[in-house]
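Asker: Dropping the structure in here first, questions after.
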Amino acid sequence: MNIERDFGEFPRIQVDTSAHQPSSPEDRRKSFNRKIFIDSLRRAVMKMHPKEQLKNPVMFLVNIGALITTGIVAYEGFTTYRAVSSAESGSLFFHLQIMAWLWFTVLFANFAEAVAEGRGRAQSESLRKNRAETMARRLKGGNGNFADRSEEFVRASELRVDDIVVCEAGDIIPSDGDVIEGVASVDESAVTGESAPVVRESGGDRSAVTGGTRVTSDRIYIRITTAPGDTFLDRMIAMVEGASRQKTPNEIALSILLVALSGIFVLAVGAMIPFLIYTARGAQVDPSSLVDVPVLIALLVCLIPTTIGGLLSAIGISGMDRLIRKNVIATSGKAVEAAGDIDVLLLDKTGTITLGNRMAVQFLPAAAVDELELAEAAQLASLSDETPEGRSIVVLAKERFGLRARDIGNCTVIPFSAQTRMSGIDIPATDGRPARSLRKGAADAVRRMVLDSGKAFPYEVNMYVEDIAQAGGTPLVVTDAGRVLGVIFLKDVIKGGIRERFAQLRRMGIRTVMITGDNATTAAAIAAEAGVDDFMAQATPEAKLARIREEQAAGHLVAMTGDGTNDAPALAQADVGVAMNTGTQAAREAGNMVDLDSNPTKLIDIVETGKQLLMTRGALTMFSIANDVAKYFAILPAMLGGLYAADNSGPLQQLNLMNLATPQSAVLSAIIFNALIIVALIPLALRGVKYRAVGAESLLRRNLIVYGFGGLIAPFAGIKLIDLAVVTMGLV
């Protein structure tokens with residue numbers, strides 16, 4: 001018996017993997033349009049206020065250095081004006097250039113953050129339009145049926161939690177709430193971007209509605225669940241604009257590390273002053289001609305990690321922005337970062353791993369029954385069945401035997417019920433044909449019906465049922481007037497490409513756990529076919545919560561998805577809880593992310609986005625530190641090359657590998673490169689490094705080669721080119 005022979009012909013849905021690929025050139029052009037550029041530049045200037053700079057200690061240190069240099073330049077300008085000297089004039093021009101590039105460094109760092117915030121503000125403009133003041137039809141009084149209660153028109157801002165409002169076709173839903181009576185189609189394109197209306201109805205897991213969306217049909221009564229200013233749309237705008245963004249734990253830890261490194265370099269540069277004075281006197285050189293305060297400040301700014309310090313905030317904001325472009329709203333930046341550290345994924349089977357609808361894939365006839373006879377009976381029993389399973393039976397009969405729907409006269413439809421667990425049709429006798437009583441249903445229910453009628457249940461049909469269950473499918477037994485004709489094999493079809501996605505997650509060190517209400521045998525078969533690492537069969541809300549706590553107690557970070565009120569405890573407990581926008585308000589409040597598309601598979605993309613954020617931060621941190629090492633070797637040999645020699649070719653000159661023209665050109669070239677490299681890396685910080693599904697060891701090795709080695713080489717090439725340009729233009 002080969003019950004798998006037709007699976008290859010069944011259509012599969014291909015998982016779209018383009019969401020985690022780099023944005024297109026068109027997207028990038030839209031992200032850097034003129035309006036955003038001008039607004040970001042204005043905000044970058046505003047962020048140069050010391051109070052704003054205190055939020056970024058590394059750039060605050062650069063800001064202080066720029067202020068000190070500005071004071072020195074102002075003093076030198078005043079003294080040079082009083083007693084004009086070519087030497088003093090040259091020193092002033094040199095220090096003036098240092099001052100300008102120090103301020104440019106601060107400006108460019110602020111610009112990176114402003115651009116990241118500006119992209120979010122551009123996306124929120126359409127959302128603000130949907131938050132415009134609307135009128136609501138609030139019910140007065142607290143007794144009687146909703147239809148019998150009077151209405152009053154109030155502004156949406158006057159609504160309070162537990163108020164009841166009524167909305168009909170054409171009405172804008174005034175605030176977030178739950179449908180407590182009625183069913184209606186709702187256009188949620190203003191929030192989700194999806195033009196097709198969705199059904200919202202009382203009870204179940206599709207009762208939540210969002211303020212700003214529009215009712216397109218019927219009439220519903222809504223209980224308001226959020227206060228003004230705290231609606232989903234308000235929180236969405238705040239997160240898009242970055243207004244409520246706080247530093248994440250990893251970002252805080254990295255900031256502390258950068259501050260510590262900056263402090264060490266402050267002490268190192270400060271300790272150089274007495275050393276340089278002592279060395280200069282020993283070499284019979286005027287210390288003031290060797291180094292001065294602006295040069296030391298330039299050296300300090302080049303050595304501290306200004307590159308990652310200037311881009312750190314932009315990296316975090318852009319990570320949230322990438323999620324928003326995937327129609328996922330995170331309630332905090334911590335949730336995005338936590339997604340990158342996840343090592344256990346709990347996924348619902350239905351809709352995530354499988355298509356969600358069982359499909360007929362094969363007819364298995366009983367002994368002495370032709371497969372065509374079984375297919376015809378199964379199709380007739382399913383003609384009035386509007387479920388996806390019923391329609392798939394009709395389609396399979398048509399594809400296998402060319403059977404088409406036909407007029408079957410005055411028949412009686414037997415609908416499915418939870419008590420009988422069967423459905424079918426009764427066809428009266430016509431034109432010499434005998435009456436027929438066709439039934440299809442669960443194997444145990446049909447077996448009980450057949451045995452109660454005094455007939456035998458075929459042994460081979462029992463074997464079919466057992467084999468199908470072990471294969472992870474669902475058997476439906478078909479009978480005609482109590483005579484068993486055979487079995488329909490319903491299979492919960494695995495989504496195309498999902499096994500490869502799980503393999504990618506496994507390479508990243510993430511363990512996947514499938515959650516299902518199926519029995520253990522069925523769950524094991526589907527888990528094996530999908531390629532998940534583990535499964536939970538017959539999972540209850542209590543079992544989900546216990547499993548998450550168990551994983552967390554073992555030191556794992558757990559992510560899960562859900563849409564129902566019974567999922568709320570587990571969503572709240574998970575480190576990353578992704579609630580479906582179509583789900584209940586309780587689920588949306590419990591999770592720390594909301595998927596506007598209500599696509600459970602999106603959880604995989606969320607994890608990849610979080611991983612990309614951490615990869616980008618790590619890569620640019622490594623590049624920045626490697627940069628500083630290179631700049632150290634670029635500046636100091638050129639600065640001190642003239643010691644113990646009259647022709648500027650002393651012992652330290654041997655370390656001037658780039659053969660920079662003069663100490664002044666070396667300092668100026670380094671400070672220019674230090675500012676420009678921030679500008680060059682802004683697109684990478686906003687876009688993120690290309691996502692790769694590799695383990696931590698492979699990722700570290702790649703970062704060391706690409707960003708570590710690249711960070712060492714880039715300054716040598718860049719500073720040398722800038723030095724040639726500086727000397728050619730006579731700037732020193």
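In this text, residue positions in the sequence shown follow full-length UniProt numbering: the first is 1, and each later residue adds one. Built from N, CA and C at the ideal position, the CB exists for glycine as well. Computed from a predicted model, the values in this text were never measured in an experiment.
Looking at A587 and A574, is the spacing between their C-beta atoms short of 8 Å?
Answerer: Start at 1 with the first residue of the sequence shown, and residue 574 comes out as number 574. Start at 1 with the first residue of the sequence shown, and residue 587 comes out as number 587. Result no, Cβ atoms of A574 and A587 do not sit closer than 8 Å.
Asker: Relative to the alpha-carbon of K611, which residue among A335, I548, R549 has its alpha-carbon at the smallest distance?
Answerer: Within the sequence shown, the letter at position 611 stands for residue 611. Of the candidates A335, I548, R549, the one whose C-alpha sits nearest the C-alpha of K611 is A335.
Asker: How would you label L721, buried or exposed, when you count the other beta carbons within 10 angstroms and need 16 or more for buried?
Answerer: Position 721 of the sequence shown, counted from the first residue, corresponds to residue 721. Taking all protein chains shown into account, L721 has fewer than 16 neighbouring C-beta atoms within 10 Å of its C-beta and is therefore exposed.
Asker: Please check the pair L557 and D341, which I expect to be a contact at CB under 8 Å, by giving their CB distance rounded to whole angstroms.
Answerer: The residue you call residue 557 lines up with position 557 of the sequence shown. The residue you call residue 341 lines up with position 341 of the sequence shown. Sure, about 5 Å apart at Cβ, within 8 Å.
Asker: Buried or exposed: K602, going by 16 or more other Cβ atoms within 10 Å of its Cβ?
Answerer: Start at 1 with the first residue of the sequence shown, and residue 602 comes out as number 602. K602 comes out buried.
Asker: I want to know whether the segment 505 to 523 touches the segment 370 to 388 - three or more CB-CB distances under 8 Å.
Answerer: no
Asker: Would you identify the three-state DSSP class for C302, choosing helix, strand or coil?
Answerer: On the sequence shown, residue 302 is found 302 positions in, with the first residue counted as 1. Annotated three-state conformation of C302 is helix, per DSSP.
Asker: On the DSSP bridge assignment, give the partners of M560 in chain order.
Answerer: Numbered from 1 along the sequence shown, position 560 holds the residue referred to as residue 560. Answer is L346, G577, bridged to M560.
Asker: For the segment 164 to 182 against the segment 213 to 220, are there 3 or more C-beta pairs whose distance is under 8 Å?
Answerer: yes
Asker: Which runs of the alpha helix (DSSP H) fall wholly inside the segment 322 to 405 and span at least 4 residues, in chain order?
Answerer: DSSP assignment within the segment 322 to 405 yields the following whole alpha helix (DSSP H) runs of 4 residues or more, N-terminal first: 333 to 341, 371 to 382, 388 to 401.
Asker: Any idea if M422 is buried or exposed, counting beta-carbon neighbours within 10 angstroms, 16 or more meaning buried?
Answerer: Reading the sequence shown from its first residue, position 422 is the one you call residue 422. Answer is buried; the Cβ neighbour count reaches 16.
Asker: Let me confirm a value: V199 is counted as buried when at least 16 other C-beta atoms fall within 10 Å, else exposed. Which label applies?
Answerer: Taking the sequence shown and counting its residues from 1, one reaches residue 199 at position 199. By the neighbour-count rule (16 or more Cβ atoms within 10 Å), V199 is not buried but exposed.
Asker: Would N56 be called buried (16 or more neighbouring beta carbons within 10 Å of its own) or exposed?
Answerer: Position 56 of the sequence shown, counted from the first residue, corresponds to residue 56. Flag for N56 reads buried.
Asker: Leaving out five residues before and five after V450 in sequence, what residues of the same chain have Cβ atoms less than 7 Å from its Cβ?
Answerer: In the sequence shown, counting from the first residue as 1, residue 450 sits at position 450. Only F457, T479, G482, V484 meet the Cβ criterion.
Asker: Helix, strand or coil for V532, going by three-state DSSP, please let me know.
Answerer: Residue mapping note: residue 532 aligns to position 532 of the sequence shown, counting from 1. V532 falls in the coil class under three-state DSSP.
Asker: Compare the C-alpha of A136 against each of E152, F146, A147 and name the closest.
Answerer: Within the sequence shown, residue 136 is the residue found at index 136, counting from 1. Comparing Cα-Cα distances from A136 to each of E152, F146, A147, the minimum goes to E152.
Asker: Work out the CA separation of K140 and D148 for me, nearest whole Å.
Answerer: Taking the sequence shown and counting its residues from 1, the one referred to as residue 148 is at position 148. Taking the sequence shown and counting its residues from 1, the one referred to as residue 140 is at position 140. Straight-line Cα distance between these residues: approximately 10 Å.
Asker: Could you please give the first and the last residue of the uninterrupted beta strand (DSSP E) stretch that includes T412?
Answerer: Residue mapping note: residue 412 aligns to position 412 of the sequence shown, counting from 1. It spans 412 to 414 - the beta strand (DSSP E) in which T412 sits, taken as one unbroken run.
Asker: State the Cα-Cα distance for the pair N674 and G564, rounded to the nearest angstrom.
Answerer: For this step, residue 674 is matched to residue 674 along the sequence shown. For this step, residue 564 is matched to residue 564 along the sequence shown. Using only the alpha carbons, I get a separation of about 52 Å.
Asker: G441 by DSSP, collapsed to three states: which one?
Answerer: As a working mapping, residue 441 is identified with position 441 in the sequence shown. Reduced to three states, the DSSP call for G441 is strand.
Asker: Check whether the Cβ atoms of L261 and I304 lie closer than 8 Å to each other.
Answerer: One-based indexing of the sequence shown puts residue 261 at position 261. One-based indexing of the sequence shown puts residue 304 at position 304. Going by C-beta atoms, L261 is nearer than 8 Å to I304.
Asker: Do A44 and A114 have their CB atoms nearer than 8 Å?
Answerer: Position 44 of the sequence shown, counted from the first residue, corresponds to residue 44. Position 114 of the sequence shown, counted from the first residue, corresponds to residue 114. Yes; because the gap between Cβ atoms is below 8 Å, this pair is in contact.
Asker: Spell out a yes or no on whether the segment 302 to 322 and the segment 484 to 493 are touching, meaning 3 or more CB-CB pairs, one atom from each, closer than 8 Å.
Answerer: When C-beta atoms of the segment 302 to 322 are compared with those of the segment 484 to 493, fewer than three pairs fall below 8 Å, so the two segments do not count as touching.
Asker: Could you spell out the range, first to last residue, of the beta strand (DSSP E) harbouring F265?
Answerer: Position 265 of the sequence shown holds residue 265. Where F265 is concerned, there is no enclosing beta strand (DSSP E), although the alpha helix (DSSP H) it sits in stretches over 249 to 282.
Asker: Taking the C-alpha atoms as reference points, what is the distance between L704 and M622?
Answerer: Counting from 1 along the sequence shown, the entry for residue 704 is found at position 704. Counting from 1 along the sequence shown, the entry for residue 622 is found at position 622. Cα to Cα, the separation comes out at about 8 Å.
Asker: Using beta-carbon positions only, say whether residue 788 and A527 come within less than 8 Å of one another.
Answerer: Since the first residue shown for the chain is 1 and the last is 732, residue 788 is missing from the structure and cannot be characterised.
Asker: Smallest Cα separation from V446: which of T420, A366, K51, Q470?
Answerer: Stepping through the sequence shown from its first residue, residue 446 is reached at position 446. T420 is the residue among T420, A366, K51, Q470 whose C-alpha sits nearest the C-alpha of V446.
Asker: Name the one or two DSSP bridge partners that V179 has.
Answerer: To locate residue 179, count along the sequence shown from 1; it is residue 179. The partner list for V179 (beta bridge, DSSP) reads I222.
Asker: Inspect the beta-carbon positions of V689 and A619 and report whether they are closer than 8 Å.
Answerer: Within the sequence shown, numbered from 1, the residue matching residue 689 stands at position 689. Within the sequence shown, numbered from 1, the residue matching residue 619 stands at position 619. In this structure, the beta-carbon distance from V689 to A619 falls below 8 Å.
Asker: Keeping to the same chain, check which residues put their C-beta closer than 7 Å to that of V732; ignore five residues upstream and five downstream.
Answerer: Sequence index remark: in the sequence shown, residue 732 carries index 732 (1-based). Closer than 7 Å at Cβ, skipping near neighbours: F94, T662, Q664, S665, L668, V726.
Asker: So T561 and L347 are supposed to be a Cβ contact under 8 Å. How far apart are they, rounded?
Answerer: Against the sequence shown, residue 561 aligns to sequence position 561. Against the sequence shown, residue 347 aligns to sequence position 347. About 7 Å separates the two Cβ atoms, so the contact holds.
Asker: In terms of DSSP beta bridges, what is D426 paired with?
Answerer: For the purposes of this step, residue 426 is identified with residue 426 of the sequence shown, where counting begins at 1. Answer is T412, S437, bridged to D426.
Asker: If you draw a straight line from the C-alpha of L54 to the C-alpha of A524, how long is it?
Answerer: Along the sequence shown, read from residue 1 onward, the residue named residue 54 stands at position 54. Along the sequence shown, read from residue 1 onward, the residue named residue 524 stands at position 524. Straight-line Cα distance between these residues: approximately 55 Å.
Asker: Output yes or no for whether 8 Å exceeds the beta carbon distance between G310 and A109.
Answerer: Along the sequence shown, one-based indexing puts residue 310 at 310. Along the sequence shown, one-based indexing puts residue 109 at 109. Yes; because the gap between Cβ atoms is below 8 Å, this pair is in contact.
Asker: Would you tell me roughly how many angstroms separate the C-alpha atoms of F7 and A397, rounded to the nearest one?
Answerer: Your numbering for residue 7 matches position 7 in the sequence shown. Your numbering for residue 397 matches position 397 in the sequence shown. Low local confidence applies: a pLDDT of 30 at F7 is under 50, so the model's placement there is unreliable, with the coordinate-based value given in what follows. Whole-angstrom Cα-Cα distance: 15 Å.
Asker: State the Cα-Cα distance for the pair G708 and T387, rounded to the nearest angstrom.
Answerer: Taking the sequence shown and counting its residues from 1, one reaches residue 708 at position 708. Taking the sequence shown and counting its residues from 1, one reaches residue 387 at position 387. G708 and T387: Cα-Cα distance of roughly 57 Å.
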